[in-house]
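Reviewing the structure listed below.
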Amino acid sequence: MKWLLFSDLDGTLLNHDDYSYEDARPVLERIRREGIPLVIASSKTRVEVEEIQEEIGLRMPFIVENGGGIYFPRGCRGTPYLPGSEREPYFAVRLGMPYEEIREFVARAQQRIPLRGFGDMTVEEVARLTDLPLERARLAKTREFSEPFLLEDGEWLPELTARADEIGLSITRGGRFFHLVRHGQDKGRAVRFVKTVFRRQWNEPILTVGLGDSLNDIPLLMAVDYPVLIPSPGGKELQIEVPRLILATVPGSLGWRKSVEGILGWTGEREGEIPGGGRDAENRDKMGDDKDKGENS
Ligand SMILES: [Mg+2]
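684 is the number that this note's numbering gives to position 194 of the sequence shown; each next residue is one higher, with no gaps.
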């Protein structure tokens with residue numbers, strides 16, 4: 491039996507406010523020693539995730555732009571031989587819509603609806619809105635499969651959603667922005683793809699852990715055996731219905747560490763609720779309707 495970990499970045503492995511992962515470092519080092527793969531599944535771009543992977547010392551397949559693309563580093567364990575587009579030094583799987591097409595839609599929608607996407611913003615503006623340093627903000631603008639955006643007034647959301655739907659786009663919501671993504675594109679679909687690849691490589695049973703903090707992580711949480719919801723620093727709990735959901739007791743990278751340690755049995759106790767416990771029964775109301783309303787910031 492093998493473990494396979496999937497994790498969102500912002501607000502999950504990285505703290506919401508300072509983007510630090512220091513508290514998670516002991517677990518990151520141990521999973522590296524023990525050969526447990528950690529697959530990042532983020533709304534960030536390829537170049538952003540590359541930089542974070544390098545910082546952490548991680549070389550693994552990763553999922554970008556809300557499941558829009560999956561990159562398998564060549565020569566890395568778990569790297570499949572895949573048909574489809576091949577980008578040096580990766581085997582890349584495209585699940586999203588090409589960015590240029592999404593931008594064409596945004597330009598048309600803007601004739602009526604006051605939305606601003608990353609493609610309309612300067613690096614400085616993205617830096618200010620994300621609290622990222624300029625260099626990171628520049629990487630965040632290097633989109634391939636999705637467009638984060640802000641709406642001047644949330645009342646436009648239904649109309650924008652309907653127009654997007656006509657050309658095969660959906661709107662999802664992360665911690666800070668809305669995102670335009672292709673229909674059916676989500677982190678869960680990408681997670682299942684990666685899991686299949688590992689299963690073929692390993693040829694033995696896999697237990698998956700998935701960690702996330704926002705509405706756009708629900709598909710990821712639904713696709714794993716041990717779904718972990720990391721709470722937001724504001725303390726406002728996201729009301730979602732996910733079977734066997736484990737709730738971390740603290741936000742950010744500390745909650746991430748405690749949850750993973752508990753699930754992998756490294757501390758002898760489980761953080762939050764044990765799968766199969768009563769927690770998800772309490773949360774049974776909201777998830778479906780909340781999709782477009784979002785949770786916070
Ligand atoms: Mg997040």
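Backbone N, C-alpha and C fix where the C-beta goes; we use that ideal spot for every residue, glycine too.
Residue 683 - DSSP class collapsed to helix/strand/coil
Three-state DSSP puts residue 683 in a helix.
Quick one: any contact between the stretch 545-563 and the stretch 668-677, if contact means 3 or more CB pairs under 8 Å? Contact between the stretch 545-563 and the stretch 668-677 is present, because at least three Cβ pairs lie under 8 Å.
Q) Going straight from the alpha carbon of residue 519 to that of residue 741, what length do you get? A) Between the alpha carbons of residue 519 and residue 741 lies a gap of roughly 20 Å.
- Relative to the C-alpha of residue 531, which residue among 701, 583, 719 and 726 is closest? The option with the nearest alpha carbon to residue 531 is 701.
- Item | Coil, strand or helix - residue 500 by DSSP | DSSP, read as helix, strand or coil, puts residue 500 in strand.
Output the distance between the C-alpha atoms of residue 711 and residue 744, rounded to the nearest integer angstrom. The C-alpha of residue 711 lies about 19 Å from the C-alpha of residue 744.
Residue 749 in three-state terms, based on DSSP = Residue 749: helix per DSSP, three-state reduction.
Item checked: Assigned secondary structure, residue 517 (DSSP; H/G/I helix, E/B strand, else coil) -> Helix.
For ligand 1, is there a heavy atom less than 7 Å away from the beta-carbon of residue 702? Residue 702 has its Cβ nearer than 7 Å to a heavy atom of ligand 1.
So for residue 698, helix, strand or coil by DSSP? Here residue 698 carries a strand assignment [DSSP, helix/strand/coil].
**Message:** Considering only heavy atoms of ligand 1, does any lie closer than 7 Å to the CB of residue 502?
**Reply:** In this structure, ligand 1 has a non-hydrogen atom nearer than 7 Å to the beta-carbon of residue 502.
>> Between the alpha carbons of residue 632 and residue 525, how many angstroms are there, rounded?
In response: Cα to Cα, the separation comes out at about 31 Å.
>> Going by the DSSP bridge assignment, what does residue 716 pair with across the sheet?
In response: Beta-bridge pairing links residue 716 to 699.
With respect to 7 Å, is the separation between the Cβ of residue 665 and the closest non-hydrogen atom of ligand 1 below this value?
Yes; taking the cut-off as 7 Å, the Cβ of residue 665 has a heavy atom of ligand 1 nearer than that.
Cβ distance (whole Å) where residue 751 is taken to contact residue 517 below 8 Å:
That pair is a contact at about 6 Å.
- Whole-angstrom distance between residue 514 and residue 662, CA atom to CA atom: The straight-line gap separating the alpha-carbon atoms of residue 662 and residue 514 is approximately 27 Å.
Open item on the list: In whole angstroms, give me the CA-to-CA distance for residue 492 and residue 682.
Closed with: CA-CA distance, residue 492 to residue 682, rounds to 16 Å.
Report task. Output the boundary residues of the alpha helix (DSSP H) element that contains residue 542. Result -> First-last of the alpha helix (DSSP H) with residue 542: 536-546.
_Excluding the 5 residues flanking residue 602 on each side, which residues of the same chain have their C-beta closer than 6 Å to its C-beta?_
Annotation for residue 602: no residue places its beta carbon closer than 6 Å to its own, counting only its chain and skipping 5 residues before and after.
Practice task
Would you verify that the beta carbon of residue 658 is, or is not, closer than 8 Å to some beta carbon of chain D?
Solution key: Of the protein chains in the structure, only one exists, and it is not chain D.
- Message: Within 10 Å of its beta-carbon, does residue 638 have 16 or more other beta-carbons around it, so buried, or fewer, so exposed?
- Response: That one is buried.
Exercise. Is the distance from the Cβ of residue 494 to the Cβ of residue 748 below 8 Å?
Worked result: Contact flag unset, no.
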